[in-house]
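Numbering (full-length UniProt numbering), first residue to last: 1 to 319. Built from N, CA and C at the ideal position, the CB exists for glycine as well. Bear in mind the structure is a predicted one, so any value in this text is a computation, not a measurement.
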C-alpha cells in the first residue's frame, strides 16, 4: 500500500517549490494550476526601473536585460548595482532618478519598511509619471500592500507580485509570479511578468501578497517538521540518510526535497520575517506549528544561510 495518496504527494510537490531547487522547478511549471498568463510577444519592451539589486533583484535584472528590456537600477548600497551596470543597465544615484522616465517600476526589497522608504520617503513616488505601474515583488504581506497603495500618488497603480523561485530560476525565466491588483493593470504588464516565469493571477490588490504568506507558511512549517523528525532520528539512533529516504517516500516527500536542497537561498532571517508577517495576520489565533517554526528561525545560528540549515544535526551547524 502506498504510504500517502497521490493528492498528498502532488500537494507537497508544489509546496517544495515555493523557494525551489532545480530538481523540483520543472514539476511546478508542468502543473496546469500555475498557467494563467500567455508568454510575452516580441514587441513588448519596457523602460524599467528596478529598485533593489540584492540576490533576487540582480537575477531579475539579468533576465530583464536578456529579454531586451531597457533597465535603470538603484540600490541603497550602490556597489551592488555594478553587476547589472556591467551587463548594460544604467545605475541611478537615487530612487527618484531611477523612476523618472520609467514605463514600469519594480521593487524587490527586504521588507515593508524598505519599500516605503525607497518609494515614498525618498520622494521617488512623486517623480513617477502619471499612470506608471509600480510592481512590488517583495514579500511584505497584504496589510503593507494596502498601506502602500494609499501612499502612492493618485493615478499610480500598484501591483503586488511576490515571486516563488530561486535566483537561478529568475535568470532563466522560471519563477512563479503571484500577481494581485486591478485586472486591467495586471493585463497591461502581463507580458513583462511572463518574461520572468509563469504568472498566477490571484485577484485584487493584496491577493498576491496574501497567497505568498500562505505558501511561505507551508514551506516554513514543513521544513521545520523535517528538522524535528531528524532530531528524533538522532535521539533514537536512526541514521540520517535512512530517515531522509524513508521520509521522502511519505506525505512529507516534497518537504524533504526542499529541506535537503543545496541550491536554494531562502535566508533564515527572511523566513523569520515572513513568519512574523503571517503571525501578525493571525493575531491570537492558534498556530502552534508556525509559532514553533518562527521561534526556531529567530534563533538560527546562521540567519543568512538557507532554511535547509535548520535540518543540520545539533552542534554541527558551524560546519
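- Buried or exposed: where does residue 69 fall if 16 or more other Cβ atoms within 10 Å of its Cβ makes it buried? Under the 10 Å beta carbon count, residue 69 is surrounded by 16 or more other beta carbons and is classified as buried.
Q: Compute the distance between the beta-carbons of residue 281 and residue 181, then report whether it is under 8 Å.
A: Inclusion of residue 281 and residue 181 in the CB contact set at 8 Å is not warranted, their separation being larger than that value.
Quickly, what does DSSP pair residue 171 with across the bridge? List them, please. Per DSSP, residue 171 has no beta-bridge partner at all.
- Which residues share a DSSP beta bridge with residue 90? Looking at the DSSP assignment, residue 90 forms a beta bridge with 72.
Kindly indicate the opening and closing residues of the beta strand (DSSP E) around residue 136.
Counting along the chain, the beta strand (DSSP E) containing residue 136 begins and ends at 134-136.
Check each candidate in 113, 250, 303 and name the one with the smallest Cα separation from residue 143.
-> Of the residues 113, 250, 303, the one whose Cα lies closest to the Cα of residue 143 is 113.
*C-beta atoms of residue 123 and residue 96 nearer than 8 Å*: In contact: residue 123 and residue 96 (Cβ atoms closer than 8 Å).
* With distances taken Cα to Cα, identify the nearest neighbour of residue 101 among 84, 147, 47, 108. => Among 84, 147, 47, 108, the Cα nearest to that of residue 101 is on 47.
**OP:** In the DSSP assignment, find the unbroken beta strand (DSSP E) run with residue 220 in it and report its ends.
**Re:** From DSSP, residue 220 is part of no beta strand (DSSP E) but of the alpha helix (DSSP H) over 207-236.
Selection from 133, 163, 298 that minimises the alpha carbon distance to residue 202: The shortest Cα separation from residue 202 among 133, 163, 298 belongs to 163.
Since residue 308 and residue 264 should fall inside the 8 Å C-beta cutoff, what is the C-beta to C-beta distance between them, to a whole number of angstroms?
So it is a contact: roughly 7 Å between Cβ atoms.
- List the endpoints of the continuous beta strand (DSSP E) containing residue 321. Outside the shown range of the chain (1 to 319) lies residue 321, about which nothing can therefore be said.
- Message: What does DSSP give as the partner residue(s) for residue 260 in the beta ladder?
- Response: In the DSSP output, where bridge partners are listed per residue, residue 260 has none listed.
| message | For the pair the region 235-252 and the region 183-200, tell me if three or more CB-CB distances fall below 8 Å. | response | These segments do not touch.
request  = Since I believe residue 81 is in contact with residue 91 (beta carbons under 8 Å), could you give me their beta-carbon distance rounded to a whole number of angstroms?
outcome  = Confirmed, about 4 Å.
Count the other CB atoms, across all protein chains shown, that sit within 10 Å of the CB of residue 15; report buried if there are 16 or more and exposed otherwise. Caution applies to residue 15, whose pLDDT of 45 falls short of 50 and renders its modelled position unreliable; the model cannot decide the point.
Leaving out five residues before and five after residue 303 in sequence, what residues of the same chain have Cβ atoms less than 6 Å from its Cβ? For residue 303, the CB contacts under 6 Å within the same chain, skipping 5 residues up- and downstream, are 268, 269 in chain order.
Practice prompt. Go ahead and label residue 299 buried or exposed: buried means 16 or more other beta carbons lie within 10 angstroms of its beta carbon, across all protein chains shown.
Written response: Classification of residue 299: exposed, given that the 10 Å Cβ count is below 16.
task: Give the DSSP-derived three-state secondary structure of residue 307 in the structure shown.
output: Residue 307 falls in the helix class under three-state DSSP.
Item checked: Nearest neighbour of residue 328, chosen from 148, 63, 283, 107 [CA to CA] -> The structure shown does not extend to residue 328, since the chain spans only 1 to 319, so no value can be given for it.
Point to revise | Integer Cβ distance of residue 220 from residue 293, believed to fall under 8 Å | key: Their Cβ separation, rounded to whole angstroms, is 5 Å, which keeps residue 220 and residue 293 in contact under 8 Å.
message = Could you give the first and the last residue of the continuous beta strand (DSSP E) run that contains residue 159?
response = Where residue 159 is concerned, the enclosing beta strand (DSSP E) stretches over 158-160.
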